[in-house]
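Numbering (this note's numbering), first residue to last: 7 to 274.
Beta carbons: idealized from backbone N, C-alpha and C, even for Gly.
What follows is a short report on a single structure.
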């Protein structure tokens, strides 16, 4: 465990990783440059800098989490990138401070990531961070609840290859929100804690009703990070029915997609 006094301060908007995590950070974020030639490690440090400063100031991250941002949050989420297929479309539900969605976007620059977040202050912060990191061509922020961007809704998102979530809800409820957002054969990857296996057992009947197949508990980052990340993986079979909600999603800073499409239609 990294001690608080070992954690470097934010300098030039960057929070450097503790020395004992340097190899993990280079391995996870340093394999590729993004489309604009930006260095992945530098982008991750800048993102961590935002988590340690503006995210704390706005109440997205608790100040007690700052000493362990790299180990418990940034790397904990980013190692899940090894589970993504090439060039995946990822929808991250309840993104909050970008965990895990922004971490995955930085670890896997080949992926396209949609961050779905219902709260305005969080969504606004996400937009600011995406703009600051210069990754807007492959990361989009949508202010909405998951059920508002499901198939059949005015603001429906394209079917995702992978839907992710962390600390959002118990698995049975989470599946009802997330499985409808994935294509058939796609996956829900839910980051969970020690009770993951118990959650899977409790949710088996709900998963079956929703078309969720082969629920498994996986460990990722073994040998790379001090504590491997626990992930529940569920494959999407038959198309599940969207649940709840009626209002479409909204790109932050603009109107809903349906409203923009109506505005573009010629009159006459």
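- Query: Residue range of the beta strand (DSSP E) that residue 239 falls in?
  - Reply: Start at 1 with the first residue of the chain shown, and residue 239 comes out as number 233. DSSP places residue 239 in the uninterrupted beta strand (DSSP E) bounded by 235–242.
- Which residues in the same chain as residue 236 place their Cβ atom closer than 8 Å to its Cβ, once the five residues preceding and following it in sequence are excluded? Start at 1 with the first residue of the chain shown, and residue 236 comes out as number 230. Counting only Cβ-Cβ distances below 8 Å, and skipping sequence neighbours, we find 197, 198, 199, 200, 202, 223, 224 and 225.
- Message: Nearest by alpha-carbon distance to residue 94: which of 221, 16 and 166 is it?
- Response: Indexing the chain shown from 1 puts residue 94 at position 88. Closest in C-alpha terms to residue 94, from the list 221, 16 and 166, comes 166.
- Distance, residue 113 Cα to residue 88 Cα: Mapped onto the chain shown, residue 88 falls at position 82. Mapped onto the chain shown, residue 113 falls at position 107. About 9 Å.
- Can you give me the start and stop residues for the alpha helix (DSSP H) that residue 32 sits inside? In the chain shown, residue 32 corresponds to position 26, counting from 1. Unbroken alpha helix (DSSP H) run through residue 32: 28–35.
- Message: Buried or exposed, going by whether 16 or more other CB atoms sit within 10 Å of the CB of residue 100?
- Response: Numbered from 1 along the chain shown, position 94 holds the residue referred to as residue 100. Residue 100 comes out buried.
- Query: According to the neighbour-count rule (16 or more other Cβ atoms, all chains shown, within 10 Å of its Cβ), is residue 137 buried or exposed?
  - Reply: The sequence position of residue 137 within the chain shown is 131, counting from 1. Under this definition residue 137 is an exposed residue.
- Message: Could you check whether the region 174–194 touches the region 209–217, counting it as contact only if at least three pairs of C-beta atoms, one from each stretch, sit closer than 8 Å?
- Response: Contact between the region 174–194 and the region 209–217 is present, because at least three Cβ pairs lie under 8 Å.
- Task: Counting only the same chain and skipping the five closest in sequence on each side, list residues whose C-beta sits under 7 Å from that of residue 3.
- Result: Residue 3 lies beyond the range of the chain shown here (7 to 274); nothing can be said about it.
- Is it true that the CB of residue 66 sits closer than 8 Å to the CB of residue 84? Counting from 1 along the chain shown, the entry for residue 84 is found at position 78. Counting from 1 along the chain shown, the entry for residue 66 is found at position 60. No, these two residues do not count as a Cβ contact at 8 Å.
- Who are the Cβ neighbours of residue 250 in its own chain at under 6 Å, not counting the five residues just before and after it? Here residue 250 corresponds to residue number 244 of the chain shown, with the count starting at 1. In this prediction, residue 250 scores a pLDDT of 48, lower than 50, which makes its location untrustworthy; no coordinate-derived value is stated.
- Task: Can you say whether residue 252 is buried or exposed, counting buried as having 16 or more other CB atoms within 10 angstroms of its CB?
- Result: The count along the chain shown starts at 1 and reaches residue 252 at position 246. The pLDDT assigned to residue 252 is 39, lower than 50, so where the model puts this residue is not dependable; a value taken from the coordinates is nonetheless given after this. That one is exposed.
- Message: I'd like to check one pair, residue 97 with residue 133: are the Cβ atoms closer than 8 Å?
- Response: Here the question's residue 133 lines up with position 127 in the chain shown. Here the question's residue 97 lines up with position 91 in the chain shown. No, these two residues do not count as a Cβ contact at 8 Å.
- Task: Any chance you could list the alpha helix (DSSP H) runs of at least 4 consecutive residues sitting entirely within the region 96–168, in chain order?
- Result: Counting whole runs of 4 or more residues, the region 96–168 contains the alpha helix (DSSP H) stretches 107–113 and 126–139.
- Residue closest to residue 70, alpha-carbon to alpha-carbon, out of 149, 57 and 220: Indexing the chain shown from 1 puts residue 70 at position 64. Across the set 149, 57 and 220, the C-alpha of 57 shows the shortest separation from the C-alpha of residue 70.
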